[in-house]
Amino acid sequence: MTDAAPVLAARGVSKSFFGNPVLRDVSIALLPGRVHALLGENGAGKSTLINILSGALPADGGSVEIDGRAAARITPPEARQAGIAVVQQELSLTASLSIAENIGLGDYPRRFGMIDYRALADRAKSVCALVGLDEALSTPVGTLPLGRRQMVEIAKALYRKPRALILDEPTSSLSATETAILTALLVRLRAEGVAILYISHRLNEVMALCQHVTVLKDGGVTADRPLAGTDADGLVRLMVGRDPGDLFPRWQRSPSASDVVSVNGFSAGLARDIDLDIRTGEVLGIGGLVGQGQEDLLLGIYGAIPAKATTASVNGAPALPSSPPKANALGLAYVPADRKREGLHLIHSIATNLLLPAFARLPALTLRHRSAERETVRELAARFAIKGDPARQAQALSGGNQQKVALAKWMPHDPLVLLLNDPTRGVDVETKREIYIMLRQFAAAGKAVVLLSSDTPELVHVCDRVAVMREGRLVAMLDHGELSEEAIVAAAVGAERRRQAA
Amino acid sequence: MSATTDTEGGRTIPLYWPVQANRNAGLGGLFVVVLLFAIAYGVLFPGLFTLSGFSKFTQSWFPLALVAMAQALLMLTGGISLAIGATVSLGAVIAATTMSGPLGVAGGSVVVALAGLGFGAATGLIVVKLRLPAIVVTLAGSFIVGGAALLILPRPGGAVPGWLSDLLAGNTPTAFVLLLAVALLWKLYLATPLGLGLYAAGDNPVGAYRSGVPVDAARIAAYAISGLLSTGAGLFVAAQTGSGDPVIGTAFTLNSIAAAVLGGIGFLGGQGTMRGAIAGSLLLSLMISVMFFLGFTPVAQYVAQGLIIIGAVALPQLRRLKR
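Dropping the structure here:
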């Protein structure tokens, strides 16, 4: 039944952001009556590919085909007219409008130039029935819980009677019942001949629903084949599996590990019910898919967001710090992931950035000690191999050097616990290696390093232990002996135990 | 939009009126406060319940209601205007210089309307197409328009025909009827795809664009309508005073923001309702009148007004923090 021409296809598409290749020569074809899975790790290029298929982004090279007609780029209106509908991860809803007004948004039935509320109610009702939304159509979307909003978003896509439907992690905020309704719906749409592209990190869903799979890794296609005859382990192997090369320093166990931070029943933001010990003399990795509560775990321990714990001990103190200055006083330092917005003050000089935590500790209204400052800056720049004149603006530095500044500024205070949020994201290979060596040195010097990372290989090769989080909970703690990319990804997507799939 | 029900298959699916009813959510407290102030005003000044007393009160409220709508419209799109007062002045001087001349009242009204629409649309184009912050563009616009008003009429003068003043600002509730008409027109606009798109463009511009809403057009239209409402308020003020004054609108800029904020319009776009903004302007007018009758000095009035506005914004926030 799948001999038909593809409704939507990409041929040899490539795309770069700021010189960083995100997609390289990617081809994918969505056939009518087939559910096509798109898999890949964080940052593999899935979202970019969707944006190109739906016209939201132009491709640098290659072409997009609708019903076999090729175009260098399509615009969002063209894509809509061709019957391509996308359910994005970020919702496109308006909180103060009603369910029906959101579903019809951009494509209202009209009478005399006015919205025909009668026809709208009619059409919205029928798509709401499809996805099991039984709330009154006039309910403002802002009053719905997140899972129900996701269903409104799906109903909105169905309202346009799509021929190609792209769903980007549609089940991440759905309950089990809602997921079952969605699965049944997709089976029905498939039978009606809709081409469906389904992105999910839940492998059991993919195995149950999809017929064909495309796997992306580092912007390239590593598999494009029918799902029949593939098992979950095989898919995990397709998603990871690259050479660590000699990017990583040799791992050596550091001597003398003792607990410096321990929390029980810790909850902050998305993170819930976490028991965790952070030890001196080791690098503790925090892994998992993006947005499973890892960042909230670090921020909660650092006192930057409200957190609570049944018991907590932070460097001798019997409670979690209530603010970053208190955390600093307890010997904690945090290096944020978004160095441009949170880590550095880009328009100020490198020297100012390096001295900022020192300024925060000075009593107010004391005079600055210029020569001592110069000495500190010179020392830090030499120790971290920060290139460039310290008087220049921080934004003139490359990403890697910016990251080094964000890390170096804490060193004068000799923090005992370093909380690092994805320190190697967007950093060149050379600097990555320097950072890995530094992290091992910190551990060897008896500090505790917590490395939150979206990069699985670095967790495997740099860390002594790795905690894997899924849906806000700590689901696995892997010791160095059991660390492998497969083990981490399997725990992150919930395929680690046979009893999981049911 | 007229339908409340649908009869297909013998079943009825109400939508339009339930949606309207839901828009009152969160405004109950405001309506109660407005009612309390109205009662207090009625007790202090029983003349409110005569035809001329009611007419006079609604005449003092009407221009504030118009500028509150003009401001709320922009705040719903995520913008703001600091040029409202200057635009009111411009409307007033154009009315006072054209209506007694060869153009007459009809011609003068057309010029006033075109000036508002034109200035508003130009501001909107600059803000939307060049992606500049509305607060800066409208601040510059307030200097330009304020200057233009002074060029047209360097000192108070001009004239509005007496019959027009009697019609709009006499002892008949014409202003109230006009306000009802404006509110009805707004309801009609909000029932068009472009009007409703205003909410989507303010709350979630990326999502609205992806859904096919003409986001830019909706925002530029909002600026044009806002300009029209402002010069319209200027025309009314000129009719009230019988002449034009090139700085008469100045106080309306901040009062329009105050009324919109009292009415529950959020600064982030997409939050709030026009009925809230109108109620907010009514509350502000009532407050000013009540304090006048209680013998507050003008200075004390300002202080009290400021305290009430801060309280109105802080209350919901305090309630949220408590949760």
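Protein sequences appear in the order of chains W and G.
Residue 1306 is where the first sequence starts when you use the numbering used here, and the numbers rise one by one after that.
Residue 304 is where the second sequence starts when you use the numbering used here, and the numbers rise one by one after that.
Note that beta-carbon positions come from the ideal geometry of N, C-alpha and C, so glycine has one too.
Annotated three-state conformation of R1493 (chain W) is helix, per DSSP. Taken through DSSP and simplified to helix, strand or coil, S533 (chain G) comes out as helix. Neighbours of G515 (chain G) in chain W, taken as residues at a C-beta separation under 7 Å, are given in chain order as P1382, R1385, G1411 and D1412. Flagged as an interface residue toward chain G: D1427 (chain W), by a C-beta distance shorter than 8 Å. Measuring C-alpha to C-alpha distances from G505 (chain G) to each of G:I523, G:L491, G:A494 and G:T495 identifies G:I523 as the nearest.
The Cβ neighbour count for P619 (chain G), taken over all protein chains shown within 10 Å, is under 16; the residue is labelled exposed.
Note: I1501 (chain W) is bridge-paired with W:V1340 and W:L1470 in the DSSP secondary-structure output.
With a threshold of 8 Å between beta carbons, S1480 (chain W) makes no contact with chain G.
The beta carbon of G461 (chain G) sits closer than 6 Å to those of A399, T400, S546 and G547, all from its chain and outside the five residues before and after it, given in chain order.
Every alpha helix (DSSP H) stretch that sits fully inside the region 373 to 415 of chain G and reaches 4 residues is listed by chain position as 387 to 401.
By the Cβ neighbour-count rule, P601 (chain G) is exposed, with fewer than 16 other Cβ atoms within 10 Å of its own.
For S1352 (chain W), the nearest beta carbon of chain G is not closer than 8 Å to its own beta carbon. Nearest C-alpha to P496 (chain G) among W:P1623, W:V1595, W:Q1557 and W:G1411: W:G1411.
Using a Cβ distance threshold of 8 Å, L1712 (chain W) and P1695 (chain W) do not count as a contacting pair. In this structure, T353 (chain G) keeps its C-beta atom at 8 Å or more from the C-beta atom of F479 (chain G). In this structure G1447 (chain W) is in contact with A1400 (chain W), their Cβ atoms being roughly 3 Å apart against a cut-off of 8 Å. Within chain G, the C-beta atoms nearer than 8 Å to that of P1445 (chain W) come from N325 and A328, in chain order. Judged by DSSP in its simplified three-state form, H1718 (chain W) adopts helix.
L1685 (chain W) is positioned such that its CB atom lies closer than 8 Å to that of L1659 (chain W). T426 (chain G) places its beta carbon 8 Å or farther from that of Y492 (chain G).
Here the alpha carbons of A373 (chain G) and W489 (chain G) stand approximately 11 Å from one another. Less than 8 Å separates the beta-carbon of A437 (chain G) from that of S384 (chain G). A direct Cα-to-Cα measurement between T1484 (chain W) and G331 (chain G) gives close to 38 Å. Rounded to whole angstroms, the Cβ separation of E1735 (chain W) and P1762 (chain W) is 16 Å, and the two are not in contact under 8 Å. Around the Cβ of A1669 (chain W), a 10 Å sphere holds fewer than 16 other Cβ atoms; the residue is exposed. Following the DSSP letters along the chain, one finds N1658 (chain W) in no beta strand (DSSP E) but inside the alpha helix (DSSP H) bounded by residues I1655 to R1666.
Under DSSP, A1314 (chain W) takes part in a beta bridge, and its partners are W:A1334 and W:E1370. For D1538 (chain W), there is no enclosing beta strand (DSSP E); the enclosing alpha helix (DSSP H) covers residues A1537 to M1544.
Sequence-ordered contacts of the region 479 to 496 of chain G with chain W read L491, A494, T495 and P496 [C-beta pairs closer than 8 Å]. Rounded to whole angstroms, R1644 (chain W) and L1757 (chain W) show a C-alpha spacing of 14 Å. Among the CB atoms of chain G, one or more fall inside 8 Å of the CB of K1430 (chain W).
Here G423 (chain G) is buried. Its C-beta has 16 or more other C-beta atoms within 10 Å. Spatial neighbours of G1590 (chain W) in its own chain (CB-CB distance under 6 Å, excluding positions within 5 residues in sequence) are listed in chain order as L1756, L1764, C1768 and V1771. Look at G421 (chain G) here: in three-state DSSP terms it is helix. Runs of the beta strand (DSSP E) lying entirely within the region 417 to 483 of chain G, each at least 3 residues long, are absent. Interface with chain W (8 Å Cβ-Cβ cutoff): L435 (chain G) is excluded.
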